[in-house]
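To keep things clear, I will list the structure first and then write my remarks on it.
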Amino acid sequence: MSTRARKATGITLFWRILWARAYPRIVGAWREKDWLFFETVVPLGTTAGFVFVYRAAGAPPEFAGFAVLGGAMTAFWLNVLWAMGSQLYWDKDGGNLELYVLSPGPLMAILVGMAVGGIFMASVRAVTVIVVASLLFNISYQVSSLPLLILVFLVTMAALYGLGMIFASVFLASGREAWHLANLLQEPIYLVSGFYFPVSALGFWVATFASVIPLTLGMDAIRQIIFSTQSNIGFLPVETELILLCFLAVILLALAWYSLRKLEEIGRRDGRLIERRR
Amino acid sequence: MAMMSRIFASPAVRRSPALRSLLSGLWLGWQIETNWANPIVFITYFIARPVASLTILVVMYSVIAQDILGTPFFAYVYLGGALYLLAGQIVVGVSWVVIEDREHYRVAKQIYTAPVNSYAYLLGRGIARFAVSVLSVSITIPLGVLVFRLPVTWSAIDFPLLIVSTLLGLIAMAALGVIIGSYTYQITRQAFSVGDTLNGVFYLLTGAVFPIELLPEVLRPLGYLLPSTYWLELARRALIPQPVAFQAISSLNTETLLAILAGMAVVFAVLSVVVFIWSMRLAKERGVLDVETNY
Chain A
1 MSTRARKATG ITLFWRILWA RAYPRIVGAW REKDWLFFET VVPLGTTAGF
51 VFVYRAAGAP PEFAGFAVLG GAMTAFWLNV LWAMGSQLYW DKDGGNLELY
101 VLSPGPLMAI LVGMAVGGIF MASVRAVTVI VVASLLFNIS YQVSSLPLLI
151 LVFLVTMAAL YGLGMIFASV FLASGREAWH LANLLQEPIY LVSGFYFPVS
201 ALGFWVATFA SVIPLTLGMD AIRQIIFSTQ SNIGFLPVET ELILLCFLAV
251 ILLALAWYSL RKLEEIGRRD GRLIERRR
Chain B
279 MAMMSRIFAS PAVRRSPALR SLLSGLWLGW QIETNWANPI VFITYFIARP
329 VASLTILVVM YSVIAQDILG TPFFAYVYLG GALYLLAGQI VVGVSWVVIE
379 DREHYRVAKQ IYTAPVNSYA YLLGRGIARF AVSVLSVSIT IPLGVLVFRL
429 PVTWSAIDFP LLIVSTLLGL IAMAALGVII GSYTYQITRQ AFSVGDTLNG
479 VFYLLTGAVF PIELLPEVLR PLGYLLPSTY WLELARRALI PQPVAFQAIS
529 SLNTETLLAI LAGMAVVFAV LSVVVFIWSM RLAKERGVLD VETNY
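Protein chains in written order, with our numbering: chain A, 1 to 278; chain B, 279 to 573.
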């Protein structure tokens, strides 16, 4: 006697697709040991370089911690650029995008699944960098509030991956330039978001404009929480930054949903959604 | 294009497959690196990244010390960061060429079966990346002079030393790039990480932005094995009359440094040919010469 499969619809379908897309990233992070090696050695080289820069300048030991935190957080930014922003473009190139579009599932669920898997992958890399670099350079942390640290991190991730979903639509529409766009958004963002130094050093207005990148406020808040013995390093009070990050998360996720719908509409109309060009 | 046609039609180029392949790779690499956007976007792209990288260093030092701009130590850091752009591009550039040809453009098998000298072609593509980076450096150093009081003056630049050391450095670093590119042929899924990983490690080991003496003793000898360590020191000496002195590399005189770099150029050039031939043979045996992983 055959049993009929129950067709998933609505939220159930969204939920299943989300985990189906997140699955390869979560499993892949553990199955591929060589990936883990490359993913930790790449940021460690540059991070160690910046630690030595601070040491050469005779900076207090906490500044080496700033460099390590920045090096770890690059994992999330690079993940947003390359594994979120560029992903749909690569999926189009590899022939997966047409399967996504033809499937009954919503594209938004695929993007959210990519984000969930991406956060996991980047977290593995970030935690490894923090642990290894902290041991290598003897860095200590004074965490003022662990629940607040976790809350700030989660809200930052929600906002950041909302931005990543917007990038996915924009990069897909930009074709061959996607590669260069992602490249262009690396070092300039490391600079204006204060990855390796307190963003307040750039002055109020630069820090304010840079706050549109969620990592600017997120890292500033995390820095204030985990280096609580250092005074006057924050751009804004942690509570204010948390409220602003909540606003950013809502706005960016809504914009991501809108831009994906718009992209799909334009892509279908112009017949470019699954067109491959190199 | 007309100029390139004339060069390709010249008797010397027509007679030499290696030279023809080198120039083809160079021309193709230049087109790929530069023709993806209009000139304004392209220039913005090639200014924004290096300027941002160097400004990160400027801000890091400024956070610690107030009056660091214009000091010899700042010049050491800034010039090291700016010049490393060239070294990094050529050393890891060939590795990216392999990935681009194999995975992105999917033309590895066409290139392999075409009547080209593959070694010279790869070298040409690597030199094209170097040439594009020269544009970035030629902007970032004057910017350092104008904005960050970098003590470089046109009249004080030792041009013969700069040119000779850069030519020797170019040979040695390009050969190292081919060695890394050859190794990239053996790697499939993580191939794209090889160049970036080594770039980060070399950035650390060459002491581009901090004195190499700060490295743990066990790591310092690795830095001494890299041609970029010597080229950076020589280029700094050529650009600044009295660069800040540290121990080790800085204690060697200029002639000794040039001799070491020349020796490295010869050794790496020979080694790169050997490694390239071995790697191509192995890649054919393993069937990974044109493998597409979509990774």
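Ideal Cβ positions, reconstructed from N, Cα and C, are used throughout, including at glycine.
Minimum Cα-Cα distance from THR128(A) among the listed residues ALA29(A), LEU242(A), ALA201(A) and GLU265(A) corresponds to ALA29(A). Taking 7 angstroms as the upper bound on Cβ-Cβ separation, chain A lies near residues GLN468, SER471, ASP474, THR475, GLY478, VAL479, TYR481, LEU482, VAL487 and PHE488 of the segment 461-488 of chain B.
Taking 7 angstroms as the CB threshold, MET338(B) lines the interface with chain A.
The beta-bridge partner set that DSSP reports for PHE227(A) consists of GLN142(A). Under the three-state reduction of DSSP output, GLY307(B) falls in the helix class. In the structure shown, ASN79(A) falls within a helical segment according to DSSP collapsed to helix, strand and coil.
In this structure, the alpha-carbon of LEU252(A) lies about 41 angstroms from that of ASP568(B).
Annotated three-state conformation of GLY95(A) is coil, per DSSP.
In the pairwise beta carbon analysis, the segment 66-76 of chain A is classified as not touching the segment 496-503 of chain B: fewer than three pairs are separated by under 8 angstroms.
By the rule that beta-carbons nearer than 7 angstroms mark a contact, ARG427(B) does not touch chain A.
Among the residues facing chain A, LEU413(B) is not included, as its CB has no counterpart in that chain under 7 angstroms away.
Residue state for GLU62(A) is assigned as helix, using DSSP reduced to three classes. PRO328(B) carries a helical assignment under DSSP once its states are collapsed to helix, strand and coil. The segment 212-223 of chain A and the segment 152-161 of chain A touch, with three or more beta-carbon pairs separated by less than 8 angstroms.
Two segments are said to touch when three or more pairs of C-beta atoms, one from each, lie closer than 8 angstroms; by this definition the segment 334-349 of chain B touches the segment 182-196 of chain A. Judged by pairs of C-beta atoms under 8 angstroms, the segment 364-378 of chain B touches the segment 403-422 of chain B, as three or more such pairs exist. Residue-level contact by beta carbon holds for LEU191(A) and chain B, with a gap shorter than 7 angstroms.
Residue-level contact by beta carbon holds for THR333(B) and chain A, with a gap shorter than 7 angstroms.
For GLY267(A), the closest C-alpha among the options LEU88(A), PRO60(A) and LEU13(A) is that of LEU88(A). Interface criterion not met: the Cβ of VAL548(B) is under 7 angstroms from no Cβ in chain A. Contacts with chain B at 7 angstroms (Cβ-Cβ) include LEU184(A). SER86(A) has its alpha-carbon roughly 7 angstroms from the corresponding atom of ALA178(A). Of the residues VAL101(A), PHE235(A), LYS7(A) and ALA5(A), the one whose Cα lies closest to the Cα of LEU215(A) is PHE235(A). Near chain B, meaning a CB-to-CB distance below 8 angstroms, the residues of the segment 50-66 of chain A are PHE50, PHE52, VAL53, TYR54, ARG55, ALA56, ALA57, GLY58, ALA59 and PHE63.
When secondary structure is reduced to three states using DSSP, ARG514(B) falls in the helix class.
Separation of PRO147(A) and ARG16(A) (C-alpha to C-alpha, rounded to the nearest whole angstrom) is 30 angstroms. By the rule that beta-carbons nearer than 7 angstroms mark a contact, ARG327(B) touches chain A.
MET542(B) is classed as buried because its beta carbon has at least 16 other beta carbons within 10 Å across all chains shown. In terms of Cα proximity to THR532(B), the closest of SER550(B), VAL551(B), LEU517(B) and GLU511(B) is GLU511(B). Inter-residue distance for PRO328(B) and ALA365(B) is about 13 angstroms (C-alpha atoms, whole angstroms). By a beta-carbon distance limit of 8 angstroms, LEU160(A) contacts PHE76(A). Their separation comes to about 6 angstroms.
Looking only at PHE470(B), MET451(B) and GLY348(B), the smallest Cα-Cα distance to VAL423(B) is reached by GLY348(B). Counting the other Cβ atoms within 10 Å of the Cβ of GLU241(A) gives 16 or more, which makes it buried.
Distance check between SER557(B) and each of ALA434(B), ALA513(B), TYR461(B) and GLU491(B) places TYR461(B) closest, using alpha-carbon atoms only.
By the neighbour-count definition (other C-beta atoms within 10 Å, threshold 16), GLY565(B) is an exposed residue.
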